[in-house]
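Residues in the sequence shown are numbered consecutively from 1, following this note's numbering.
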Amino acid sequence: MEKVKILIIFIALLFSELLPQGVYSQWVFPQPSGNDYVAVEYIDNTSSYFLLTRNSFYKVTSSLFNLEPKLRLKGYYLSSVLSGDGFAVVSCDSGSIYVTTDAGESWNIFDIPEPLICKVLSRGTDNRIYAGMNDGTIYISDDNGSSFTFLSTLPKKEISSLCVSSKGTFLAGFKGVNRGIYRSTNNGQSWTFVNNAVHITEIKSFALSDTLYSFFVSDTISSPVRLMKSTDDGLTWILSNHWGHYSGKYYFLNSKCLIVTAAGMSRVFN
Numbered sequence: 001m002e003k004v005k006i007l008i009i010f011i012a013l014l015f016s017e018l019l020p021q022g023v024y025s026q027w028v029f030p031q032p033s034g035n036d037y038v039a040v041e042y043i044d045n046t047s048s049y050f051l052l053t054r055n056s057f058y059k060v061t062s063s064l065f066n067l068e069p070k071l072r073l074k075g076y077y078l079s080s081v082l083s084g085d086g087f088a089v090v091s092c093d094s095g096s097i098y099v100t101t102d103a104g105e106s107w108n109i110f111d112i113p114e115p116l117i118c119k120v121l122s123r124g125t126d127n128r129i130y131a132g133m134n135d136g137t138i139y140i141s142d143d144n145g146s147s148f149t150f151l152s153t154l155p156k157k158e159i160s161s162l163c164v165s166s167k168g169t170f171l172a173g174f175k176g177v178n179r180g181i182y183r184s185t186n187n188g189q190s191w192t193f194v195n196n197a198v199h200i201t202e203i204k205s206f207a208l209s210d211t212l213y214s215f216f217v218s219d220t221i222s223s224p225v226r227l228m229k230s231t232d233d234g235l236t237w238i239l240s241n242h243w244g245h246y247s248g249k250y251y252f253l254n255s256k257c258l259i260v261t262a263a264g265m266s267r268v269f270n
C-alpha cells in the first residue's frame, strides 16, 4: 500500500508544471523477468502507459502495476514511436512494422519485402509514418502502416535516428564513421549537414513544441550519453544541463526526459 501511495505522489509531480529544472524524482518500473524494457510512454487522460520490451508490447495500469500483454513481436525490437494519444508504431528485425491507434487493442501489420529492414521510425505532425531503411532510403505510410511507399533517400546509410519536427523538417542522426546530424526541409529530397562532432543515438520532437532533443555520445566506447537541445528547428544545438549517464536508458515521457538506470530506477528532468 505504501508503494502505491509513493507512486501516486510521483505521478502527480510528473504531470505538474511545478517540477522545476534540476529537481529529480525516482520511480520503479515493473519489469518482466529476463525481458528488458526499451521504451515507455504515458497514455493521455488515463492512469496507464505503454511499456515496450525487446519482443513484447504491454499496456500498464500504473496505479496497480498491472502488465497487460498486447502484442508479441515477430523478432526483436529495432525502433518505435509511442504517443500519448494511443498511437504506437514498432519495427523489429524480422522486417515487420506494427501500428496501433487504440493503445494496443488492434494492430496493422506490414511486412517489408526482403532484404529491407526498418531501422528507424518517426511520426509527422500530419500523422504520417516515416521509416528509415537499412539501404539508406525513406518510406512513408499515409494509412497507419497498412502500406508504405518510397519517399526519398537518406544522406548516409546506417542511420541511428530519424525525426520529423513540428514544422515538418527532417532530422537524420548517425553514429560511427558517418556520425553527425543532417537536416532536410523538402521531405528528404536534399540534405544539409549540421553537426559532425558527436555520435547521435536518438533525436526527438513533440507536437505543439518547437524544441528538438538529441541524445549523443562523444565516442562509441566509453562516453556517457548526453543530451542536446535545439530551438531553431535543428539548425543549431546546445548542451542541456544534464551531466550524462553511462549505464542508463533514456526516454521521453510527457515531453520530459526520463532516465532509467540498469536497476530500473528513474529520474525526470525538463
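Where a beta carbon is used, it is the ideal one built from N, C-alpha and C, also for glycine.
Since the structure is predicted, the reported quantities are computational estimates derived from the model, not experimental observations.
- Message: For a test of the three-state rule: what should DSSP assign to valine 23, helix, strand or coil?
- Response: Taking the first residue of the sequence shown as 1, we reach residue 23 at position 23. Bear in mind that the predicted position of valine 23 carries a pLDDT of just 34, short of 50, making it too unreliable to give a figure here.
- Item | Beta-bridge pairing of arginine 123 - partner residues as DSSP gives them | As a working note, residue 123 is residue 123 in the sequence shown. Arginine 123 is bridged to Ile129.
- Task: Determine the direct distance from the alpha carbon of glutamate 41 to that of leucine 151, and round the result to whole angstroms.
- Result: Within the sequence shown, numbered from 1, the residue matching residue 151 stands at position 151. Within the sequence shown, numbered from 1, the residue matching residue 41 stands at position 41. Their Cα atoms are separated by approximately 28 Å.
- Buried or exposed: which applies to tyrosine 24, given that a residue is buried once 16 or more other Cβ atoms fall within 10 Å of its Cβ? Looking up residue 24 in the sequence shown gives position 24. Its pLDDT being 38, under 50, tyrosine 24 is placed unreliably in this model, and the coordinates cannot settle the point.
- Message: Within 10 Å of its beta-carbon, does glutamate 105 have 16 or more other beta-carbons around it, so buried, or fewer, so exposed?
- Response: Taking the first residue of the sequence shown as 1, we reach residue 105 at position 105. Exposed, since its Cβ has fewer than 16 Cβ neighbours within 10 Å.
- Message: Based on DSSP bridge pairs, tell me the residues matched to aspartate 111.
- Response: Working through the sequence shown from its first residue, we reach residue 111 at position 111. According to DSSP, which records beta bridges pairwise, aspartate 111 is partnered with Ser96.
- Buried or exposed: serine 247, going by 16 or more other Cβ atoms within 10 Å of its Cβ? In the sequence shown, residue 247 corresponds to position 247, counting from 1. The predicted position of serine 247 is uncertain, since its pLDDT is 47 and thus under 50; a value taken from the coordinates is nonetheless stated next. In this structure serine 247 is exposed. Its beta-carbon is surrounded by fewer than 16 other beta-carbon atoms within 10 angstroms.
- Query: DSSP three-state call for glycine 248: helix, strand or coil?
  - Reply: Residue numbering aside, residue 248 sits at position 248 when the sequence shown is read from its first letter. Only weak support exists for where glycine 248 lies, its pLDDT of 48 falling under 50; the value from the coordinates is given anyway. If DSSP states are grouped into helix, strand and coil, glycine 248 belongs with coil.
- Task: Would you mind giving the Cβ-Cβ distance between serine 214 and isoleucine 200, rounded to the nearest angstrom? I have them listed as a contact below 8 Å.
- Result: Position 214 of the sequence shown, counting from 1, holds the residue named residue 214. Position 200 of the sequence shown, counting from 1, holds the residue named residue 200. Between isoleucine 200 and serine 214 the Cβ distance is about 6 Å, and since that is below 8 Å, they are a contact.
- Task: Would you decide whether glycine 176 is buried or exposed? Buried here means 16 or more other CB atoms lie within 10 Å of its CB.
- Result: As a working note, residue 176 is residue 176 in the sequence shown. Classified as exposed, glycine 176 has fewer than 16 neighbouring CB atoms from the shown chains inside 10 Å of its CB.
- Message: Need the endpoints of the beta strand (DSSP E) that arginine 72 sits in, please.
- Response: Counted from its first residue, the sequence shown places residue 72 at position 72. In the DSSP assignment, arginine 72 falls within the beta strand (DSSP E) that extends over 66-72.
- Message: If we require 3 or more residues per run, which beta strand (DSSP E) segments fall completely within the stretch 136-186?
- Response: The qualifying runs are 137-141, 149-153, 159-164, 170-174 and 180-184.
- Does the beta-carbon distance from leucine 73 to cysteine 92 come in below 8 Å? To locate residue 73, count along the sequence shown from 1; it is residue 73. To locate residue 92, count along the sequence shown from 1; it is residue 92. Yes, the Cβ-Cβ distance between leucine 73 and cysteine 92 is below 8 Å.
- Task: Would you give the residue range spanned by the beta strand (DSSP E) that phenylalanine 57 belongs to?
- Result: Position 57 of the sequence shown, counted from the first residue, corresponds to residue 57. For phenylalanine 57, the uninterrupted beta strand (DSSP E) run begins and ends at 56-61, by DSSP.
- Message: Less than 8 Å between C-beta atoms, sequence neighbours within five positions excluded: which residues of the same chain meet that for threonine 61?
- Response: In the sequence shown, residue 61 corresponds to position 61, counting from 1. Contacts found: Ser47, Ser48 and Glu68.
- Message: For lysine 167, count the other beta carbons within 10 Å of its own beta carbon; 16 or more makes it buried, fewer makes it exposed. Which is it?
- Response: Along the sequence shown, one-based indexing puts residue 167 at 167. Around the beta carbon of lysine 167, fewer than 16 other beta carbons lie within 10 angstroms, which makes this residue exposed.
- Message: Looking at the strands, I want to know which residues DSSP matches up with serine 79.
- Response: For the purposes of this step, residue 79 is identified with residue 79 of the sequence shown, where counting begins at 1. Residue pairing by DSSP places serine 79 opposite Ser91 in a beta bridge.
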